[in-house]
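Q: Encoded as structure tokens, here's the structure I'll be asking about.
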Amino acid sequence: MKNESQKSKTVAIGLSGGVDSSVAAWVLKQQGYDVFGIFMINWHDTAGLLEGDCPAEHDLIIAQLVARHLNIPLHVVDFSEQYKKRVVDYMFEGYRRGLTPNPDILCNREIKFDLFIAKAHELGADYIATGHYCRKEIIEVNGKPVYRLLSGVDKNKDQSYFLCQLSQEQLSLTLFPIGELTKTKVREIARKLNLPT
């Protein structure tokens with residue numbers, strides 16, 4: 020992937036169908052980026068769900084409606100096998116050893132910001148973006164750029180903790196379009212745009 024100083028402006032947004040990623044996609048378009056969505060399937064097991072309930076299918080339908088509404092392409096990728104190996108199995112091994120790994124941090128590090136970046140690059144993206152409530156800044160250390168993860172403006176929705184294990188390379192390739200917004204403002208934008216989230 021190209022770095023931020025280069026001219027290409029293609030961004031793959033992790034589009035879940037939720038209000039945060041939907042508004043993030045809109046913000047990116049407003050900023051002039053060429054945007055496409057990626058909907059990630061991370062799990063197929065429906066054990067424990069009510070009969071006839073399949074949230075992933077419902078979320079996919081909503082993501083498709085949002086993509087159509089925003090006039091952006093949407094790609095569907097299945098990471099369920101890798102998710103089981105890299106998140107679920109790792110968690111259970113940790114539990115067996117008396118540890119309490121955080122599945123959100125693992126999923127972000129192993130799936131959303133590893134496999135997702137690779138898939139986005141394969142599909143032509145220069146950057147990825149998510150609907151996380153956090154920000155980043157670039158400082159210079161010994162003449163080199165260093166990316167710092169910052170909390171989001173909305174302190175009640177800050178999600179920087181979940182991204183604490185991202186590498187410098189992952190941070191350099193990631194945009195956080197709603198990090199400067201509050202959840203209230205995000206919902207207001209979604210209402211004004213009639214987003215189907």
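FYI, the working numbering numbers position 68 of the sequence shown as 87, with every residue one higher than the one before it. Even for Gly, the Cβ is constructed at its ideal location relative to N, Cα and C.
1) Any idea what DSSP makes of His63, helix, strand or coil?
2) Quick check on this structure: which residue in Tyr146, Gln101, Ser40, Ile136 has the alpha carbon closest to the alpha carbon of Ile60?
3) How about the segment 76-92 and the segment 34-50: do they share at least three Cβ pairs that are nearer than 8 Å?
4) Does the distance from the C-beta atom of Tyr152 to that of Ile197 stay below 8 Å?
5) CB-CB under 7 Å to Val172, same chain, minus the five flanking residues each way: which ones, in chain order?
6) Would you verify that the beta carbon of Ile147 is, or is not, closer than 8 Å to some beta carbon of chain C?
7) Taking the C-alpha atoms as reference points, what is the distance between Glu76 and Phe58?
8) Apply the 10 Å Cβ neighbour rule to Phe17 and answer buried if 16 or more other Cβ atoms are within range, or exposed otherwise.
9) Measure how close the beta-carbons of Thr119 and Ile147 come, nearest whole angstrom, since I'm counting them as under 8 Å.
10) CA-CA distance, Lys28 and Ala44?
11) Using alpha carbons as the reference points, say which of Tyr114, Asn121, Ala144, Ser99 lies closest to Gly56.
12) Should Leu69 be labelled buried (16 or more other beta-carbon atoms within 10 Å of its own) or exposed?
13) For Pro164, which of Thr203, Ala86, Ser191 has the nearest alpha-carbon?
14) From this set, Arg210, Lys211, Thr203, Phe195, which residue's C-alpha is nearest Ser40's C-alpha?
15) Going by the CB atoms, is the gap between Lys138 and Val10 shorter than 8 Å?
16) Measure the C-alpha to C-alpha separation of Lys21 and Leu212 and round it to an integer number of angstroms.
17) Taking the alpha-carbon of Cys183 as reference, which of Gly117, Arg210, Lys155, Val205 has the nearest alpha-carbon?
18) Whose C-beta lies closer than 8 Å to the C-beta of Ala209 among residues of the same chain, with five residues either side of it excluded?
19) Within 10 angstroms of its Cβ, does Thr203 collect 16 or more other Cβ (buried), or is it exposed?
A: Let me lay it out:
1) Secondary structure at His63: coil, using DSSP grouped into helix, strand and coil.
2) Sorting Tyr146, Gln101, Ser40, Ile136 by C-alpha distance to the C-alpha of Ile60 places Gln101 at the top.
3) Between the segment 76-92 and the segment 34-50, the count of C-beta pairs closer than 8 Å reaches three or more; the two stretches touch.
4) Yes; because the gap between Cβ atoms is below 8 Å, this pair is in contact.
5) Counting only Cβ-Cβ distances below 7 Å, and skipping sequence neighbours, we find Gly198, Glu199, Leu200, Thr201.
6) Among the chains of the structure shown, chain C does not appear; only one protein chain is present.
7) When rounded, the distance between both Cα atoms is 11 Å.
8) This structure cannot speak to residue 17, because the chain is shown only from 20 to 216.
9) With a Cβ gap of about 28 Å, Thr119 and Ile147 do not count as contacting.
10) Going from the Cα of Lys28 to the Cα of Ala44 covers about 13 Å.
11) Closest in alpha carbon position to Gly56, among Tyr114, Asn121, Ala144, Ser99, is Ala144.
12) Note that Leu69 scores 42 on pLDDT, short of 50, meaning its location in the model is unreliable; the coordinates nonetheless yield the value given after this. Under this definition Leu69 is an exposed residue.
13) Selected option, being the one with the closest Cα: Ser191.
14) Selected option, being the one with the closest Cα: Phe195.
15) This structure leaves residue 10 out entirely; the chain is present only between 20 and 216.
16) Any reading at Lys21 needs caution, since the residue's pLDDT is 47, under 50, leaving its predicted position unreliable; the model's value is listed next. Taking the straight line from one Cα to the other gives about 31 Å.
17) Among Gly117, Arg210, Lys155, Val205, the Cα nearest to that of Cys183 belongs to Lys155.
18) Cβ within range, chain order: Val38, Ser41, Val42, Thr216.
19) It counts as exposed.
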